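A quick write-up on the structure given underneath.
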Amino acid sequence: MVATTLAETRVLLHNITWQTFKTMLAEMGCERNSRLAYDNGTIEIMTPLMPHESSNRLIEVFVGVLCEELGLEIRRAGSLTLTRDDLEKGAEPDSSYYIQNELLVRNKENIDLAIDPPPDLVLEVEYSRSAIDKFRLYAAMGIPEFWRYNGGVLRISTLEAGQYSEVQTSPTFAPVLVKEIPRFIQEAKKNGEIATTLAFRAWVQQNISGTEK
């Protein structure tokens, strides 16, 4: 089954063993733009198109600005392949970030979730809905904060007692209402990415100074 939008394509493969999924990852290698997810015998292969990837890259820039302005160190892990052999679950989010645990992975060339912490924050851009339950997938991996952007709305969920709950404010960037990010994504289409990044930085600074009064 293939679901296609102007932003991404999704291909589903059913009744696939965990070992077959691991073999596919190895054979496909890292030099690809498709992202894979595996849960309960189903593989989803998502290939991003321009709107999807543009949104992902812009949000990554904004996350970097947030960390700079809030004095937070960051390790950008991109579409890091996250696998747990003990759970037989795997995923490649659009973007992943180590922030609270950045120091623990600063010099790591490879991340092994058997011994390393999972990313502190992952982002999924989903103009079309994934057929795999990413909430269940990332909750099982213990990822504290999960962002989902559908082309119009950014939803933020945090992990509590093994389940995600949607929240209005990111605990990582608490002084700033990051749910406003979609507004800046739209502005970039009119004003350009550099001008919009400067405007976003000024807006973040204004938010931070407002909380310090």
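Numbered according to UniProt numbering, the sequence shown spans residues 1 to 213.
Glycine included, every Cβ here is placed at the ideal spot set by N, Cα and C.
Predicted model, so just to flag it, every value in this text is computed and none were measured.
**Request:** Grab the span of the beta strand (DSSP E) containing F146 for me, first residue to last.
**Result:** 145-149
**Item:** Element boundaries [alpha helix (DSSP H), containing R57]
**Value:** 50-70
**Request:** Taking all protein chains shown into account, decide if K190 is buried (16 or more other Cβ within 10 angstroms of its Cβ) or exposed.
**Result:** exposed
**Cut-off 8 Å between Cβ atoms - residues of its own chain near L80, not counting five sequence neighbours on either side** = E92, P93, S96, I111, P119
**Asked** Taking the Cβ atom as the reference point for each residue, do L58 and E193 lie within a distance shorter than 8 Å?
**Response** yes
**Asked** What does K89 pair with, by DSSP beta-bridge criteria?
**Response** R84
**Prompt:** Which residue's Cα is closest to the Cα of N33: H52, K22, I132?
**Reply:** H52
**Local Cβ density within 10 Å of K89, reported as buried at 16 or more and exposed below that** = buried
**Prompt:** Between which two residues does the beta strand (DSSP E) harbouring E8 extend?
**Reply:** 8-13
**Presumed contact (8 Å Cβ cut-off) between E109 and I74, rounded CB distance** = Between I74 and E109 the Cβ distance is about 17 Å, and since that is not below 8 Å, they are no contact.
**Alpha-carbon to alpha-carbon, G41 and A202** = 46 Å
**Prompt:** In this structure, what does DSSP give as the bridge partners for E166?
**Reply:** S157
**Prompt:** What separation, rounded to the nearest whole angstrom, lies between the Cα atoms of E124 and R148?
**Reply:** 5 Å
**Prompt:** CA-CA distance, L70 and Q19?
**Reply:** 42 Å
**Item:** According to DSSP, residues forming a beta bridge with S130
**Value:** The partner list for S130 (beta bridge, DSSP) is empty, contrary to what the question assumes.
**Message:** For the ligand PLP, I want to know if L6 counts as a neighbour, meaning its beta carbon is within less than 7 Å of at least one of the ligand's heavy atoms.
**Reply:** For the ligand PLP, the structure offers nothing, since it holds no ligand at all.
**Request:** To the nearest angstrom, report how far apart N207 and D133 are at their CA atoms.
**Result:** 34 Å
**Request:** Mark L177 as exposed unless 16 or more other C-beta atoms lie within 10 angstroms of its C-beta, in which case mark it buried.
**Result:** exposed
**Neighbourhood of Y38 by C-beta, 6 Å cutoff - its chain only, sequence neighbours within 5 removed** = F21, G90
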